[in-house]
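**Student:**
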Amino acid sequence: MTYTNKNIRINGVDIKPGNNAQVSLNWYQLPTKTVIEIPVYIFRSKNPGPTLLILAGMHGDEINGIEIVRRLITRDDVKKPLCGSIIAIPVINIISFLSGSRDLPDGRDLNRCFPGTKNGSLGGRIAFDLMNEIISQIDFGIDFHTGGAKINNYPQLRCVFNNKTNLDLGKKFSPALIINAPFRDNTLRKEAAKKGKSILVFEGGESSRFDYLSINEGMNGCIRLMKHLKMLKTDIPNNPTVIINKTTWVRAKSSGLFHTSKTNGSHIQKGDLIGKICDPYGEHDEKLISPTDGYIIGINNQPVVNQGDALMHIGIDD
Ligand SMILES: [Zn+2]
Numbered sequence: 006m007t008y009t010n011k012n013i014r015i016n017g018v019d020i021k022p023g024n025n026a027q028v029s030l031n032w033y034q035l036p037t038k039t040v041i042e043i044p045v046y047i048f049r050s051k052n053p054g055p056t057l058l059i060l061a062g063m064h065g066d067e068i069n070g071i072e073i074v075r076r077l078i079t080r081d082d083v084k085k086p087l088c089g090s091i092i093a094i095p096v097i098n099i100i101s102f103l104s105g106s107r108d109l110p111d112g113r114d115l116n117r118c119f120p121g122t123k124n125g126s127l128g129g130r131i132a133f134d135l136m137n138e139i140i141s142q143i144d145f146g147i148d149f150h151t152g153g154a155k156i157n158n159y160p161q162l163r164c165v166f167n168n169k170t171n172l173d174l175g176k177k178f179s180p181a182l183i184i185n186a187p188f189r190d191n192t193l194r195k196e197a198a199k200k201g202k203s204i205l206v207f208e209g210g211e212s213s214r215f216d217y218l219s220i221n222e223g224m225n226g227c228i229r230l231m232k233h234l235k236m237l238k239t240d241i242p243n244n245p246t247v248i249i250n251k252t253t254w255v256r257a258k259s260s261g262l263f264h265t266s267k268t269n270g271s272h273i274q275k276g277d278l279i280g281k282i283c284d285p286y287g288e289h290d291e292k293l294i295s296p297t298d299g300y301i302i303g304i305n306n307q308p309v310v311n312q313g314d315a316l317m318h319i320g321i322d323d
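Numbering (the working numbering), first residue to last: 6 to 323.
Structure representation (structure tokens):
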């Protein structure tokens, strides 16, 4: 693919090739008249190349993604790309980030508000601005997430396997795991794909907690992808990536205290004992047995669970 040096214009500000800038996506008013601006960082080479978006904080309590983008934009090789442009948004959902919550004050999930509307709800407006000011100008993007609801996700990339560009980019990121994740309606990933823009979704760790393995893996994968796009020269050895087509959840058959001795990311076999649920009175233990060969890709860290709760996410071996 050949790239030309085009102008980048965000919220009325022109950023020419060879220049770096910080602009606001837009401003959003809170009930207190407080105005929230969403900072966007742009790093441009003089040499033509792709425009890559690195985005985090779609869910306000998913801190690992925010830390990954923060670390990336403090690096000299990222601030001075050898070609193309990097657009970084460390915290897209500032309003939820401030309250430490996943969703917006009206209960909406920002990642179900796409493509958004100009005069819609807060989520709809942010989604609209992201689509129109940013997605329209990029070639590819990475959306950094963290496991929600006490689930710790082993560092993984979610791709759409029937979209060749998406999977190929995912392989250049070289995560430990690539998981087939079909599009969901009203997500950034699906709406961007409709505009021909490939978005990779990274998941790592657990909400409201730092997970340094996930932070390092997310950062390293992004550097590998940037190297592949010739934006920088830094070499980071690849992971032996495992490709996972299908996943399944092991759910609690009874309520109680959940224990597991298995570690996230480890390989398990059908019939393995993967955990137990104990009642608090010491009278009954329920054994949890793996229904399949596969890799543990997510573990529920909640000690107290109810019948039916998702406990362990398993990526099935082909
Ligand atoms: Zn998320």
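Positions of the beta carbon are idealized from the N, C-alpha and C atoms, including for glycine.
Take Y46 and list the residues in its own chain whose beta-carbon comes closer than 6 Å to its own, dropping the five residues that flank it on each side.
**Tutor:** Position 41 of the sequence shown, counted from the start, is the residue given in the question as residue 46. Taken in chain order, the residues that qualify are Q27, I78, A93.
**Student:** Find the nearest neighbour of T246 within the set G261, G270, H233, judged by alpha-carbon distance.
**Tutor:** For the purposes of this step, residue 246 is taken as residue 241 along the sequence shown, with counting starting at 1. Of the candidates G261, G270, H233, the one whose C-alpha sits nearest the C-alpha of T246 is G270.
**Student:** Please tell me whether, using a cut-off of 6 Å, the distance from the CB of E3 to the nearest non-hydrogen atom of ligand 1 is below it.
**Tutor:** Outside the displayed range of the chain (6 to 323) lies residue 3, so it cannot be described from this structure.
**Student:** For ligand 1, is there any heavy atom lying closer than 6 Å to the beta carbon of H318?
**Tutor:** One-based indexing of the sequence shown puts residue 318 at position 313. No, the beta carbon of H318 sits no closer than 6 Å to any heavy atom of ligand 1.
**Student:** Which of helix, strand or coil does DSSP assign to A198?
**Tutor:** Translated into positions along the sequence shown, residue 198 becomes position 193. Shown here, A198 sits in a helix according to DSSP, grouped into three states.
**Student:** Under the three-state reduction of DSSP, which class applies to K84: helix, strand or coil?
**Tutor:** Position 79 of the sequence shown, counted from the start, is the residue given in the question as residue 84. K84: helix per DSSP, three-state reduction.
**Student:** Any chance the CB of H64 is under 6 Å from a heavy atom of ligand 1?
**Tutor:** As a working mapping, residue 64 is identified with position 59 in the sequence shown. Yes, Cβ of H64 sits closer than 6 Å to a heavy atom of ligand 1.
**Student:** Ignoring anything shorter than 4 residues, give me the alpha helix (DSSP H) runs that lie fully in the region 194 to 270, in order along the chain.
**Tutor:** 217 to 233
**Student:** Can you have a look at F149 and say buried or exposed, based on whether 16 or more other CB atoms are within 10 angstroms of its CB?
**Tutor:** Looking up residue 149 in the sequence shown gives position 144. F149 should be labelled buried.
**Student:** Please state whether the Cβ-Cβ distance between E138 and N16 is less than 7 Å.
**Tutor:** Position 133 of the sequence shown, counted from the start, is the residue given in the question as residue 138. Position 11 of the sequence shown, counted from the start, is the residue given in the question as residue 16. Yes; because the gap between Cβ atoms is below 7 Å, this pair is in contact.
**Student:** Is the beta carbon of T265 less than 7 Å from the beta carbon of G280?
**Tutor:** In the sequence shown, residue 265 corresponds to position 260, counting from 1. In the sequence shown, residue 280 corresponds to position 275, counting from 1. Cβ atoms of T265 and G280: closer than 7 Å.
**Student:** Check this for me: beta carbons of I183 and T56, under 7 Å apart or not?
**Tutor:** Sequence index remark: in the sequence shown, residue 183 carries index 178 (1-based). Sequence index remark: in the sequence shown, residue 56 carries index 51 (1-based). Contact annotation: I183 and T56 have beta-carbon atoms that are not nearer than 7 Å.
**Student:** Inspect the CB distances between the region 156 to 165 and the region 207 to 223 and report whether three or more fall short of 8 Å.
**Tutor:** Contact holds between the region 156 to 165 and the region 207 to 223, because three or more Cβ pairs, one in each stretch, are under 8 Å apart.
**Student:** Grab me the residues of K177's own chain with a C-beta within less than 7 Å of its C-beta, minus the 5 sequence neighbours each way, in chain order.
**Tutor:** Position 172 of the sequence shown, counted from the start, is the residue given in the question as residue 177. Apart from sequence neighbours up to five positions away, the residues of its chain that approach K177 with a beta-carbon distance below 7 Å are R229, L230, H233, ordered along the chain.
**Student:** Sorted by chain position, which residues of the same chain lie with C-beta nearer than 6 Å to N311's C-beta, five sequence neighbours on each side aside?
**Tutor:** The residue labelled residue 311 in the question sits at position 306 within the sequence shown. Excluding residues within five positions, the ones whose Cβ falls inside 6 Å are S260.
**Student:** Is F119 closer than 7 Å to L193 when the C-beta atoms are compared?
**Tutor:** Stepping through the sequence shown from its first residue, residue 193 is reached at position 188. Stepping through the sequence shown from its first residue, residue 119 is reached at position 114. Closer than 7 Å, so yes.
**Student:** Is H150 near ligand 1, judged by its Cβ being under 6 Å from some heavy atom?
**Tutor:** Your numbering for residue 150 matches position 145 in the sequence shown. Yes, Cβ of H150 sits closer than 6 Å to a heavy atom of ligand 1.
**Student:** So which of D284, G146, I248 has the shortest CA-CA distance to I59?
**Tutor:** Position 54 of the sequence shown, counted from the first residue, corresponds to residue 59. Looking at the Cα atoms, G146 is the closest of the given residues.
**Student:** Have a look at G152, S203, E196 and flag the residue whose alpha-carbon is nearest the alpha-carbon of F166.
**Tutor:** Translated into positions along the sequence shown, residue 166 becomes position 161. Out of G152, S203, E196, the CA that lies nearest to the CA of F166 is found in S203.
**Student:** Roughly how many angstroms separate the alpha carbons of F215 and N25, rounded to a whole number?
**Tutor:** As a working mapping, residue 215 is identified with position 210 in the sequence shown. As a working mapping, residue 25 is identified with position 20 in the sequence shown. Going from the Cα of F215 to the Cα of N25 covers about 29 Å.
**Student:** Residues bridged to I99 by DSSP?
**Tutor:** Here residue 99 refers to the residue found at position 94 of the sequence shown. None, per the DSSP bridge assignment.
**Student:** Please say whether G105 and L115 have beta carbons closer to each other than 7 Å?
**Tutor:** One-based indexing of the sequence shown puts residue 115 at position 110. One-based indexing of the sequence shown puts residue 105 at position 100. Their beta carbons are not under 7 Å apart, which means L115 does not touch G105 by this criterion.
**Student:** How would you label Y300, buried or exposed, when you count the other beta carbons within 10 angstroms and need 16 or more for buried?
**Tutor:** Residue numbering aside, residue 300 sits at position 295 when the sequence shown is read from its first letter. Y300 should be labelled buried.
**Student:** Flag this pair as yes or no: are the beta carbons of I99 and I41 separated by less than 7 Å?
**Tutor:** Position 94 of the sequence shown holds residue 99. Position 36 of the sequence shown holds residue 41. Pairing I99 with I41 gives a Cβ-Cβ distance under 7 Å.
**Student:** Rank F263, K155, Q274, H64 by C-alpha distance to the C-alpha of H289 and give the top, closest one.
**Tutor:** Here residue 289 refers to the residue found at position 284 of the sequence shown. Ranking F263, K155, Q274, H64 by Cα distance to H289 puts F263 first.
**Student:** Hey, how far is the Cα of G125 from the Cα of N168?
**Tutor:** Counting from one through the sequence shown, the residue named residue 125 turns up at place 120. Counting from one through the sequence shown, the residue named residue 168 turns up at place 163. Going from the Cα of G125 to the Cα of N168 covers about 31 Å.
**Student:** Looking only at C-alpha atoms, which of I97, I282, E196 sits nearest to G121?
**Tutor:** Reading the sequence shown from its first residue, position 116 is the one you call residue 121. Among I97, I282, E196, the Cα nearest to that of G121 belongs to E196.
**Student:** Could you check the C-alpha separation between T151 and G70 for me, to the nearest Å?
**Tutor:** Sequence index remark: in the sequence shown, residue 151 carries index 146 (1-based). Sequence index remark: in the sequence shown, residue 70 carries index 65 (1-based). Cα to Cα, the separation comes out at about 6 Å.
**Student:** At 3 residues or longer, what runs of the beta strand (DSSP E) sit wholly inside the region 143 to 171?
**Tutor:** 145 to 152, 156 to 164
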